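Participant: The structure's right below; bear with me while I get my questions together.
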Amino acid sequence: MLKTRVIPALLLRGAGLVKTTAFKSPVYVGDPINAIRIFNEKEVDELVLLDIAASRTGRGPAFSTIESIASECFMPVAYGGGISSVEQVRRILGLGVEKVVINAAALADPQIVRATADEFGSQAIVVSIDVKRKLLGRYEVYGDSGTRSTGHEPAAYARMMADLGAGEILLTAIDRDGTMKGYDIELVSKVASAVSIPVIASGGAGTIADFGVASKHGGAAAVAAGAMFVFHGPHRAVLITYPSHAELSAVLS
Amino acid sequence: MTVCTRCIMDTTDPDISFDAAGVCNHCHRYEEVARQRIIPAGQRQERLAQLVAEVKRAGEGKPYDCVIGVSGGVDSTYVAWVVKDLGLRPLAVHLDNGWNSELAVANIEKTLNKLGIDLYTHVIDWEEFQNLQISFLKASTPDGEVPTDHAIFALLYKIAAKQGLKHVITGTNVISEAILPEKWGYGYFDWSYVKDVHRRFGSARLSTYPHFSLLHLFYYVFLRRIRMVSVLNFIDYNKNQAMDILKNELGWVYYGGKHYESIYTRFYQAYLLPRKFDIDKRKAHYSNLVLSGQMTRPDALDAMKAPVYPANLLEEDRQYVIKKLNLDGQQFEEIMSLPRKTFLDYKNNRNVFAFAKRLVNSSRRLIG
């Protein structure tokens, strides 16, 4: 395995996978089970699965969907979406998921990060931070799928999460999501240099070279990509792909 | 069981008939179809040049000349290669029905990247399609791939119309797929059949499923003048040579059986058809290769002795299909033991198509 993990980030909405642009206009990309089977055979390092409707609709995690997906995954998988209690985390980890991703619950009550890290270990807790770039280049953490400003400054918030016991930060640049224009390296670098835990850069990956930049210049320990692994060419045609080990090691070694 | 003396088709086809020499109706039909559709060697160069000129003219001023379908399989990948080789500018169209193998998507990706072809994908809503596939399993006919095939043709027509193109270049070919007993695979053009089966057994509304009625077909063919072109009938199509070219030029990888690039097709042909219907589609496929001179009859008979697919992988596929269709083991066994039916047990437009086909074939002879 390369020292920088390269992680497909899949968005679940209902029973299907979608891909958003700047957290909006979800496009249906297919059935998660089949997508995961393809990623299995492509020997993907790790997978992030985020249910983008679970918090918004208030229904919480869809346990049976998570279970059927997790049982299909050969690679470690992190699940996020609608998690609001320690009990839910216990149940999800019991379904064969390696890590949980917490976002809204941590914004509402940061202590959930400490409680879950204490019980399950930091390695199982990923805190997801969605960030918008404001006018004048200031960054701010946003909640509720990028619709609500929180007043938090990303690096400070990430440090707080790390202090509470988060094992990793999944850092998403909302404006870059789905654009394939490259990561927000300034943001990645700010957050990565503020914490000692791994930061997963997310939002904007379009080429393999972007991974190298996020790792070398941004200090990202891992890189996530969505659109790049599900869309092909100018029509954004759905076609699952993942770079070969040789292609990755050329930019990540 | 009686086996044809020329090809390897046998009485597992309920409608097979033999002449005095023991030669089956498929052999006779093959000859007729080959005469009608394969362009004779002497005329190929000229006819192909005419075709290319016509496609180019129709595509003038547009970003693409023609539409091709891609599945990652031999025939469609070879079409992509041939079309580029002829200097055309195709738009590739792919139907994602939720059963792509990794090999299929990797083959598509390599092909398009190497040849510089743009792609359009339609992803059928999986919950809808799952429901439709279960409808066909419950209908208990041996043509459970009709929902996929119908959607592919619907999509090809739709995208050609949307792009204002007149030519859909397909991989259907006489050399390797002219033989197929009607009851083994009826109806991919027949929406009324699909609709009736789903009305009886399904529950999901088919809202994103691409389909076309006779009226749509009439619109595409006669008003929009969209032509389906089987380009492989215009060239000397040799399957083994084609595969070698694809492997060497595109890094394409073979997946081990006709249409096995789709997991469901592989399961359907290797597991369900032999067990439930006593149908082994390899017979039709190898017979076809025997008649087109790309396989000898003894080799074909010999190849039939090999298992259709390794037993352990069959079991893996079976479990996956059950899981993916959201069935349980018992529901699946119930489906397997339902009494056999054919498309004739359901509403269909077979007579209309038979009439249209006769019309097309007679005009084909007139046009030459």
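Sequence order for the protein chains is A and B.
In terms of full-length UniProt numbering, the first sequence is numbered consecutively and its last residue is 253.
In terms of full-length UniProt numbering, the second sequence is numbered consecutively and its last residue is 368.
All C-beta atoms, glycine included, are put in the ideal place defined by N, C-alpha and C.
Note that the coordinates shown come from a computational prediction; the quantities given were computed from them, not determined experimentally.
(1) Exposed or buried, which one is B/Ile-367 when buried takes at least 16 other CB atoms within 10 Å?
(2) Is DSSP giving A/Pro-234 helix, strand or coil here?
(3) Can you grab the Cα-Cα spacing for the pair B/Tyr-64 / A/Lys-3, in whole Å?
(4) List the residues of chain B that A/His-232 touches, going by C-beta distances under 8 Å, in chain order.
(5) Between the Cα of B/Tyr-30 and the Cα atoms of B/Phe-267, B/Gln-331 and B/Ile-179, which residue gives the shortest distance?
(6) Is the shortest distance between the beta-carbon of A/Ile-52 and the beta-carbons of chain B less than 9 Å?
(7) Hey, does A/His-235 have any beta-carbon neighbour from chain B nearer than 9 Å?
(8) Please report whether the beta-carbon of B/Ser-101 lies at a distance below 9 Å from any beta-carbon of chain A.
(9) Mapping DSSP to helix, strand and coil, what is B/Ala-303?
(10) Quick one: does B/Ala-106 have its CB under 9 Å from some CB of chain A?
(11) Between A/Ser-84 and chain B, is there a C-beta pair that is closer than 9 Å?
(12) Along the chain, where does the beta strand (DSSP E) containing A/Ile-169 start, and where does it finish?
(13) At least one CB of chain A closer than 9 Å to the CB of B/Asp-96: is that the case?
(14) Let me check one thing: in DSSP terms, what residues is B/Phe-277 bridge-paired to?
(15) Between A/Leu-252 and chain B, is the shortest Cβ-Cβ distance under 9 Å, so that the two count as touching?
(16) Starting from B/Met-228, trace the alpha helix (DSSP H) both ways and give me its first and last residue.
(17) In this structure, does DSSP put A/Thr-57 in helix, strand or coil?
(18) Leaving out five residues before and five after A/Leu-10 in sequence, what residues of the same chain have Cβ atoms less than 6 Å from its Cβ?
(19) Using C-beta distances below 8 Å, list every residue in its chain close to B/Glu-46, excluding the 5 sequence neighbours before and after it, in chain order.
(20) Per DSSP, what are the beta-bridge partners of B/Arg-37 in this structure?
(21) Is it true that the CB of A/Val-97 sits closer than 9 Å to the CB of A/Ala-106?
(22) Any beta carbon of chain A sitting closer than 9 Å to that of B/Lys-138?
(23) Determine which residues share a DSSP beta bridge with residue 373 of chain B and list them.
(24) A/Ser-64: buried (16+ other C-beta within 10 angstroms of its C-beta) or exposed?
(25) Would you mind working out which of B/Arg-200, B/Ser-101, B/Lys-347 and B/Thr-141 sits nearest B/Pro-339, comparing C-alpha positions?
(26) Please name the residue, chosen from B/Asn-248, B/Phe-353, B/Tyr-220 and B/Trp-99, that lies closest to A/Ile-36 on a Cα-to-Cα basis.
(27) Residue range of the alpha helix (DSSP H) that A/Ala-106 falls in?
(28) Using 8 Å for Cβ pairs, my map puts A/Met-75 next to A/Val-44. What's the rounded Cβ distance?
(29) Under 9 Å between C-beta atoms, does B/Trp-126 make it to chain A?
(30) Can a CB atom of chain B be found closer than 9 Å to the CB of A/Ile-129?
(31) What is the DSSP secondary structure of B/Ser-17, counted as helix, strand or coil?
(32) At a Cβ threshold of 9 Å, is A/Thr-20 touching chain B?
(33) Using 9 Å as the threshold, is the C-beta distance between B/Gly-185 and B/Val-146 below it?
(34) Look at the Cβ atom of A/Ile-185, then the Cβ atom of A/Ala-227, and state whether they are nearer than 9 Å.
(35) Applying a beta-carbon distance threshold of less than 7 Å, which residues of chain A neighbour B/Lys-162?
(36) Using a Cβ-Cβ cutoff of less than 6 Å, which residues in the same chain neighbour B/Tyr-78 once the five nearest sequence positions on both sides are dropped?
Facilitator: Let me lay it out:
(1) Only weak support is given to the placement of B/Ile-367: the predicted model assigns it a pLDDT of 42, under 50, and the value that follows is read from those uncertain coordinates. Under this definition B/Ile-367 is an exposed residue.
(2) coil
(3) 43 Å
(4) Glu-109, Leu-112, Leu-119 and Thr-121
(5) B/Ile-179
(6) no
(7) A/His-235 has a beta carbon lying within less than 9 Å of a beta carbon in chain B.
(8) yes
(9) helix
(10) Interface residue, yes.
(11) no
(12) 168-173
(13) yes
(14) According to DSSP, which records beta bridges pairwise, B/Phe-277 is partnered with nothing at all.
(15) no
(16) Per DSSP, B/Met-228 belongs to no alpha helix (DSSP H); it is in the beta strand (DSSP E), 227-230.
(17) Per DSSP, reduced to three states, the secondary structure at A/Thr-57 is coil, with no helix or strand assignment.
(18) Leu-17 and Leu-49
(19) Around B/Glu-46: no qualifying Cβ.
(20) In DSSP, B/Arg-37 forms no bridge with anything.
(21) no
(22) The C-beta of B/Lys-138 comes no closer than 9 Å to any C-beta of chain A.
(23) Residue 373 of chain B falls outside the range modelled here, since chain B spans only 1 to 368, and no answer is possible.
(24) exposed
(25) B/Thr-141
(26) When B/Asn-248, B/Phe-353, B/Tyr-220 and B/Trp-99 are compared, the shortest CA-CA separation from A/Ile-36 is found for B/Trp-99.
(27) 104-108
(28) 5 Å
(29) yes
(30) no
(31) coil
(32) no
(33) yes
(34) no
(35) None at all; the shortest Cβ gap to chain A is about 12 Å.
(36) Ala-242
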